[in-house]
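Numbering (my numbering), first residue to last: 2 to 314. Just so you know, even glycine gets a beta-carbon here, dropped at the ideal spot from N, CA and C. Accompanying notes for the structure given below.
Structure representation (C-alpha coordinates):
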(Lines of atoms letter the chains of each structure in order from A and count residues from 1; the text may use other names and numbers.)
(Lines give C-alpha, C1' and ligand atoms only; values in the text may rest on other atoms or scores of the structure.)
Protein backbone atom coordinates (compact mmCIF):
# COMPACT_ATOMS: atom_id res chain seq x y z
CA UNK A 1 0.00 0.00 0.00
CA UNK A 2 1.52 3.27 -1.17
CA UNK A 3 1.20 6.71 0.40
CA UNK A 4 -2.26 8.18 0.83
CA UNK A 5 -3.89 9.02 -2.51
CA UNK A 6 -6.14 12.00 -3.10
CA UNK A 7 -8.95 9.92 -4.58
CA UNK A 8 -9.76 6.35 -5.49
CA UNK A 9 -12.28 5.95 -8.30
CA UNK A 10 -14.05 2.58 -8.36
CA UNK A 11 -15.42 1.74 -11.80
CA UNK A 12 -14.00 2.14 -15.29
CA UNK A 13 -17.08 3.20 -17.26
CA UNK A 14 -17.83 6.71 -18.56
CA UNK A 15 -18.43 8.13 -15.07
CA UNK A 16 -15.27 6.71 -13.54
CA UNK A 17 -13.05 7.48 -16.52
CA UNK A 18 -14.18 11.08 -16.70
CA UNK A 19 -13.82 11.50 -12.94
CA UNK A 20 -10.21 10.29 -13.23
CA UNK A 21 -9.58 12.61 -16.19
CA UNK A 22 -10.86 15.71 -14.40
CA UNK A 23 -8.95 14.81 -11.22
CA UNK A 24 -5.75 14.17 -13.16
CA UNK A 25 -5.97 17.56 -14.82
CA UNK A 26 -5.98 19.11 -11.33
CA UNK A 27 -2.81 17.12 -10.56
CA UNK A 28 -4.55 14.99 -7.98
CA UNK A 29 -3.09 11.56 -7.20
CA UNK A 30 -5.77 9.26 -8.57
CA UNK A 31 -6.18 5.49 -8.72
CA UNK A 32 -8.94 4.16 -10.97
CA UNK A 33 -9.89 0.54 -10.30
CA UNK A 34 -11.78 -1.26 -13.07
CA UNK A 35 -13.28 -4.74 -12.69
CA UNK A 36 -13.63 -5.03 -16.47
CA UNK A 37 -17.35 -5.89 -16.46
CA UNK A 38 -19.13 -2.85 -17.90
CA UNK A 39 -22.91 -2.79 -18.19
CA UNK A 40 -22.82 -1.87 -21.88
CA UNK A 41 -20.41 -4.67 -22.88
CA UNK A 42 -23.11 -6.53 -24.90
CA UNK A 43 -23.83 -3.46 -27.05
CA UNK A 44 -22.29 -3.17 -30.50
CA UNK A 45 -22.42 0.63 -30.50
CA UNK A 46 -22.86 3.58 -28.16
CA UNK A 47 -24.75 6.68 -29.22
CA UNK A 48 -25.58 10.28 -28.28
CA UNK A 49 -21.96 11.13 -27.46
CA UNK A 50 -20.66 14.05 -29.49
CA UNK A 51 -17.77 13.08 -31.83
CA UNK A 52 -17.99 9.40 -30.81
CA UNK A 53 -21.49 8.45 -32.00
CA UNK A 54 -21.48 4.82 -33.10
CA UNK A 55 -18.27 3.83 -31.32
CA UNK A 56 -18.25 0.40 -29.73
CA UNK A 57 -18.08 0.41 -25.92
CA UNK A 58 -14.67 -1.27 -25.82
CA UNK A 59 -13.21 1.18 -28.36
CA UNK A 60 -14.62 4.10 -26.40
CA UNK A 61 -13.03 2.87 -23.18
CA UNK A 62 -9.68 2.42 -24.90
CA UNK A 63 -9.77 5.98 -26.25
CA UNK A 64 -10.62 7.24 -22.76
CA UNK A 65 -7.81 5.24 -21.18
CA UNK A 66 -5.40 6.68 -23.75
CA UNK A 67 -6.51 10.16 -22.67
CA UNK A 68 -5.63 9.30 -19.08
CA UNK A 69 -2.09 8.20 -19.95
CA UNK A 70 -1.18 11.84 -20.54
CA UNK A 71 -1.52 12.57 -16.81
CA UNK A 72 1.31 11.15 -14.67
CA UNK A 73 -0.68 11.35 -11.41
CA UNK A 74 -3.40 9.00 -12.71
CA UNK A 75 -3.06 5.22 -12.48
CA UNK A 76 -5.57 2.85 -14.07
CA UNK A 77 -5.53 -0.68 -12.70
CA UNK A 78 -7.61 -3.70 -13.68
CA UNK A 79 -8.84 -4.93 -10.31
CA UNK A 80 -12.05 -5.68 -8.47
CA UNK A 81 -12.85 -3.92 -5.20
CA UNK A 82 -14.52 -6.27 -2.72
CA UNK A 83 -14.80 -3.98 0.28
CA UNK A 84 -14.51 -0.34 1.31
CA UNK A 85 -14.36 1.19 4.76
CA UNK A 86 -13.58 4.54 6.36
CA UNK A 87 -10.53 5.25 8.47
CA UNK A 88 -9.35 8.39 10.26
CA UNK A 89 -7.76 9.97 7.18
CA UNK A 90 -10.21 8.87 4.50
CA UNK A 91 -11.18 5.53 2.98
CA UNK A 92 -9.58 2.15 2.44
CA UNK A 93 -10.55 -0.20 -0.39
CA UNK A 94 -9.78 -3.91 -0.36
CA UNK A 95 -9.06 -5.57 -3.69
CA UNK A 96 -9.88 -9.14 -4.70
CA UNK A 97 -6.20 -10.13 -4.43
CA UNK A 98 -6.14 -8.96 -0.79
CA UNK A 99 -4.19 -5.76 -1.41
CA UNK A 100 -5.42 -2.45 -0.02
CA UNK A 101 -5.34 1.16 -1.13
CA UNK A 102 -6.12 4.30 0.83
CA UNK A 103 -7.34 7.70 -0.32
CA UNK A 104 -8.71 10.89 1.18
CA UNK A 105 -11.86 10.70 -0.97
CA UNK A 106 -13.77 7.94 -2.73
CA UNK A 107 -15.78 8.14 -5.97
CA UNK A 108 -18.04 5.16 -6.63
CA UNK A 109 -18.90 4.61 -10.29
CA UNK A 110 -19.66 0.90 -10.24
CA UNK A 111 -22.85 1.13 -12.26
CA UNK A 112 -25.88 -1.10 -12.49
CA UNK A 113 -26.54 -4.60 -13.83
CA UNK A 114 -29.45 -5.45 -16.09
CA UNK A 115 -31.73 -8.28 -14.95
CA UNK A 116 -33.57 -9.69 -17.96
CA UNK A 117 -36.80 -11.65 -18.09
CA UNK A 118 -36.31 -15.40 -17.90
CA UNK A 119 -36.86 -16.10 -21.59
CA UNK A 120 -34.55 -18.46 -23.51
CA UNK A 121 -32.47 -16.63 -26.09
CA UNK A 122 -33.05 -13.19 -24.60
CA UNK A 123 -29.71 -12.74 -22.80
CA UNK A 124 -27.70 -13.95 -25.81
CA UNK A 125 -29.29 -11.26 -28.00
CA UNK A 126 -29.26 -8.41 -25.50
CA UNK A 127 -27.45 -5.46 -27.06
CA UNK A 128 -27.51 -7.05 -30.51
CA UNK A 129 -31.15 -7.51 -31.51
CA UNK A 130 -32.80 -6.97 -28.10
CA UNK A 131 -32.41 -3.46 -26.66
CA UNK A 132 -33.50 -1.69 -23.49
CA UNK A 133 -33.38 1.96 -24.59
CA UNK A 134 -35.03 3.60 -27.63
CA UNK A 135 -32.84 6.67 -27.18
CA UNK A 136 -29.70 4.54 -27.46
CA UNK A 137 -30.82 2.11 -30.17
CA UNK A 138 -34.19 3.16 -31.53
CA UNK A 139 -32.81 4.88 -34.61
CA UNK A 140 -31.02 1.70 -35.71
CA UNK A 141 -34.33 -0.22 -35.55
CA UNK A 142 -36.34 2.41 -37.45
CA UNK A 143 -39.01 1.31 -39.91
CA UNK A 144 -38.68 -2.36 -38.92
CA UNK A 145 -41.44 -4.44 -37.32
CA UNK A 146 -40.69 -4.29 -33.59
CA UNK A 147 -41.64 -6.21 -30.46
CA UNK A 148 -41.68 -4.98 -26.88
CA UNK A 149 -41.45 -7.55 -24.09
CA UNK A 150 -43.17 -6.80 -20.79
CA UNK A 151 -46.54 -6.27 -19.16
CA UNK A 152 -46.07 -3.47 -16.63
CA UNK A 153 -47.01 0.15 -17.28
CA UNK A 154 -43.46 1.20 -18.28
CA UNK A 155 -43.45 -1.55 -20.92
CA UNK A 156 -46.79 -0.34 -22.26
CA UNK A 157 -45.38 3.18 -22.44
CA UNK A 158 -42.28 1.84 -24.18
CA UNK A 159 -44.45 0.15 -26.83
CA UNK A 160 -46.39 3.37 -27.37
CA UNK A 161 -43.17 5.35 -27.62
CA UNK A 162 -41.42 3.20 -30.20
CA UNK A 163 -44.67 3.11 -32.20
CA UNK A 164 -44.76 6.89 -32.18
CA UNK A 165 -41.07 7.38 -33.04
CA UNK A 166 -39.68 4.45 -35.00
CA UNK A 167 -42.17 1.97 -36.45
CA UNK A 168 -45.74 1.62 -37.62
CA UNK A 169 -45.63 -2.10 -36.80
CA UNK A 170 -45.17 -2.68 -33.06
CA UNK A 171 -46.43 -5.59 -30.96
CA UNK A 172 -46.36 -5.79 -27.18
CA UNK A 173 -45.63 -9.31 -25.89
CA UNK A 174 -46.75 -9.69 -22.28
CA UNK A 175 -45.30 -13.18 -21.72
CA UNK A 176 -48.46 -14.72 -20.31
CA UNK A 177 -49.77 -11.74 -18.35
CA UNK A 178 -53.11 -10.06 -19.02
CA UNK A 179 -53.25 -6.30 -19.33
CA UNK A 180 -55.82 -4.05 -17.67
CA UNK A 181 -58.47 -2.83 -20.08
CA UNK A 182 -57.16 0.72 -19.79
CA UNK A 183 -53.80 -0.37 -21.19
CA UNK A 184 -55.47 -2.42 -23.93
CA UNK A 185 -57.41 0.63 -25.00
CA UNK A 186 -54.27 2.75 -25.16
CA UNK A 187 -52.49 0.18 -27.32
CA UNK A 188 -55.45 -0.29 -29.64
CA UNK A 189 -55.85 3.45 -30.13
CA UNK A 190 -52.16 3.71 -31.08
CA UNK A 191 -52.31 0.73 -33.43
CA UNK A 192 -49.98 -1.40 -31.29
CA UNK A 193 -50.52 -5.16 -31.52
CA UNK A 194 -50.83 -7.41 -28.48
CA UNK A 195 -49.69 -11.00 -27.86
CA UNK A 196 -50.41 -12.32 -24.36
CA UNK A 197 -49.23 -15.92 -24.75
CA UNK A 198 -46.17 -17.02 -22.76
CA UNK A 199 -42.95 -16.47 -24.71
CA UNK A 200 -41.08 -19.76 -25.20
CA UNK A 201 -38.01 -18.40 -26.98
CA UNK A 202 -36.46 -15.46 -28.76
CA UNK A 203 -34.25 -16.33 -31.73
CA UNK A 204 -32.61 -14.69 -34.71
CA UNK A 205 -30.54 -11.57 -35.27
CA UNK A 206 -31.16 -7.88 -35.93
CA UNK A 207 -33.49 -7.68 -38.91
CA UNK A 208 -34.58 -11.30 -38.57
CA UNK A 209 -35.66 -11.73 -34.96
CA UNK A 210 -38.45 -14.17 -34.17
CA UNK A 211 -40.56 -14.40 -31.04
CA UNK A 212 -41.71 -17.97 -30.42
CA UNK A 213 -44.73 -18.49 -28.17
CA UNK A 214 -45.86 -21.49 -26.13
CA UNK A 215 -48.96 -21.54 -28.34
CA UNK A 216 -49.80 -19.78 -31.57
CA UNK A 217 -47.81 -18.64 -34.55
CA UNK A 218 -44.29 -17.21 -34.12
CA UNK A 219 -43.94 -13.47 -34.54
CA UNK A 220 -41.25 -12.32 -37.00
CA UNK A 221 -39.72 -9.01 -35.96
CA UNK A 222 -36.76 -6.84 -36.88
CA UNK A 223 -35.80 -6.17 -33.24
CA UNK A 224 -37.14 -6.23 -29.69
CA UNK A 225 -37.15 -3.73 -26.84
CA UNK A 226 -37.18 -4.95 -23.25
CA UNK A 227 -37.17 -2.72 -20.19
CA UNK A 228 -34.99 -4.67 -17.77
CA UNK A 229 -34.96 -4.59 -14.02
CA UNK A 230 -31.70 -3.23 -12.62
CA UNK A 231 -29.63 -3.82 -9.51
CA UNK A 232 -26.40 -2.39 -8.17
CA UNK A 233 -23.33 -3.97 -9.75
CA UNK A 234 -21.50 -3.81 -6.42
CA UNK A 235 -22.53 -3.44 -2.77
CA UNK A 236 -19.82 -0.96 -1.78
CA UNK A 237 -22.23 1.94 -1.24
CA UNK A 238 -24.35 -0.20 1.06
CA UNK A 239 -21.28 -1.41 2.95
CA UNK A 240 -20.23 2.20 3.50
CA UNK A 241 -23.68 3.12 4.83
CA UNK A 242 -24.74 5.37 1.95
CA UNK A 243 -28.44 6.09 1.79
CA UNK A 244 -30.25 4.18 -0.93
CA UNK A 245 -33.45 5.23 -2.67
CA UNK A 246 -36.42 2.81 -2.97
CA UNK A 247 -35.24 1.69 -6.44
CA UNK A 248 -31.80 0.80 -5.08
CA UNK A 249 -29.98 3.82 -6.52
CA UNK A 250 -27.60 5.73 -4.25
CA UNK A 251 -29.02 9.09 -3.21
CA UNK A 252 -26.74 11.98 -4.10
CA UNK A 253 -27.04 15.75 -4.06
CA UNK A 254 -26.23 18.17 -6.88
CA UNK A 255 -22.50 17.74 -6.15
CA UNK A 256 -22.71 13.89 -6.49
CA UNK A 257 -22.11 13.62 -2.74
CA UNK A 258 -23.67 10.66 -0.96
CA UNK A 259 -24.98 10.75 2.59
CA UNK A 260 -21.53 9.61 3.80
CA UNK A 261 -19.08 12.55 3.94
CA UNK A 262 -16.19 12.03 1.55
CA UNK A 263 -17.96 9.42 -0.59
CA UNK A 264 -19.26 10.46 -4.01
CA UNK A 265 -21.28 8.39 -6.49
CA UNK A 266 -21.62 8.96 -10.23
CA UNK A 267 -23.26 7.40 -13.26
CA UNK A 268 -26.36 5.22 -13.38
CA UNK A 269 -25.79 3.82 -9.88
CA UNK A 270 -26.84 7.15 -8.33
CA UNK A 271 -29.44 9.87 -8.74
CA UNK A 272 -31.05 12.87 -7.11
CA UNK A 273 -34.07 11.99 -4.99
CA UNK A 274 -36.26 14.33 -7.08
CA UNK A 275 -35.59 12.40 -10.29
CA UNK A 276 -37.86 9.42 -11.11
CA UNK A 277 -35.07 7.34 -12.65
CA UNK A 278 -31.32 7.30 -13.04
CA UNK A 279 -30.25 8.39 -16.52
CA UNK A 280 -28.34 5.54 -18.16
CA UNK A 281 -26.59 7.29 -21.05
CA UNK A 282 -22.85 7.43 -21.67
CA UNK A 283 -22.93 11.21 -21.88
CA UNK A 284 -24.78 11.69 -18.59
CA UNK A 285 -22.49 9.22 -16.83
CA UNK A 286 -19.47 11.15 -18.04
CA UNK A 287 -21.05 14.40 -16.87
CA UNK A 288 -21.71 12.92 -13.42
CA UNK A 289 -18.08 11.82 -13.20
CA UNK A 290 -16.83 15.29 -14.07
CA UNK A 291 -19.15 16.88 -11.51
CA UNK A 292 -18.04 14.48 -8.77
CA UNK A 293 -14.35 15.08 -9.51
CA UNK A 294 -14.74 18.85 -9.50
CA UNK A 295 -16.37 18.82 -6.09
CA UNK A 296 -13.91 16.30 -4.71
CA UNK A 297 -11.14 18.66 -5.78
CA UNK A 298 -12.91 21.62 -4.20
CA UNK A 299 -13.54 19.72 -0.98
CA UNK A 300 -9.86 18.75 -0.77
CA UNK A 301 -8.75 22.29 -1.57
CA UNK A 302 -11.07 23.82 1.03
CA UNK A 303 -9.98 21.33 3.68
CA UNK A 304 -6.29 22.05 3.04
CA UNK A 305 -6.98 25.80 3.11
CA UNK A 306 -9.02 25.58 6.30
CA UNK A 307 -12.24 26.65 4.57
CA UNK A 308 -15.78 25.36 5.04
CA UNK A 309 -16.48 22.32 2.79
CA UNK A 310 -19.58 22.08 0.55
CA UNK A 311 -22.77 20.99 2.30
CA UNK A 312 -23.74 17.32 2.43
CA UNK A 313 -27.16 16.20 1.15
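- The segment 131-140 and the segment 52-61 do not touch, with fewer than three beta-carbon pairs separated by less than 8 Å.
- Residue environment for residue 259: buried (at least 16 other C-beta atoms within 10 angstroms of its C-beta).
- Counting the other CB atoms within 10 Å of its CB gives residue 100 a total below 16, which places it among the exposed residues.
- In the structure shown, the three-state DSSP call for residue 141 is helix.
- Counting along the chain, residue 308 sits inside no alpha helix (DSSP H), nor does DSSP assign it H or E at all.
- Shown here, residue 265 sits in a strand according to DSSP, grouped into three states.
- Judged by beta-carbon spacing, residue 86 lies beyond the 8 Å limit of residue 76, meaning their Cβ atoms are not closer than that value.
- The beta carbon of residue 157 is closer than 6 Å to those of 184 in its chain, skipping five residues each way along the sequence.
- In summary, residue 28 is exposed, with fewer than 16 beta-carbon neighbours lying within 10 Å of its beta-carbon over all protein chains present.
- Rounded to whole angstroms, the gap between the alpha carbons of residue 152 and residue 177 is 9 Å.
- Around the C-beta of residue 5, fewer than 16 other C-beta atoms lie within 10 Å, and the residue is accordingly described as exposed.
- Secondary structure of residue 221 (DSSP, three-state): strand.
- The Cβ atoms of residue 263 and residue 107 lie closer than 8 Å to each other.
- Taking the Cα of residue 166 as reference, the smallest distance to any Cα among 154, 174, 111 and 145 is reached at 145.
- Where residue 239 is concerned, the enclosing alpha helix (DSSP H) starts and stops at 237-241.
- If you draw a straight line from the Cα of residue 13 to the Cα of residue 113, it comes to about 13 Å.
- Nearest to residue 117 by C-alpha distance, out of 43, 207, 257 and 221, is 43.
- Residue 96 is a Cβ neighbour of residue 82, given a cutoff of 8 Å.
- A straight line joining the alpha-carbon of residue 56 with that of residue 252 spans about 31 Å.
- Taking residue 293 as the centre and dropping the five residues before and after it, the same chain places the C-beta of 20, 108, 257, 265 and 267 closer than 6 Å to its C-beta, in chain order.
- DSSP, read as helix, strand or coil, puts residue 148 in strand.
- Judged by DSSP in its simplified three-state form, residue 156 adopts helix.
- Sequence-distant partners of residue 41 (beyond 5 residues in either direction) whose C-beta falls short of 8 Å from its own C-beta, in its chain, are 14, 47, 58, 128 and 283.
- Looking at the DSSP output, residue 108 sits in a beta bridge with 10 and 265.
- Excluding the 5 residues flanking it on each side, residue 202 has same chain C-beta neighbours closer than 6 Å at 121, 122 and 213, in chain order.
- Distance from the Cα of residue 217 is smallest, within the candidate group 231, 90, 78 and 195, for 195.
- Residue range 31-35 is occupied by the beta strand (DSSP E) that includes residue 33.
- Taken through DSSP and simplified to helix, strand or coil, residue 201 comes out as strand.
- Spatial neighbours of residue 261 in its own chain (CB-CB distance under 7 Å, excluding positions within 5 residues in sequence) are listed in chain order as 241, 242 and 243.
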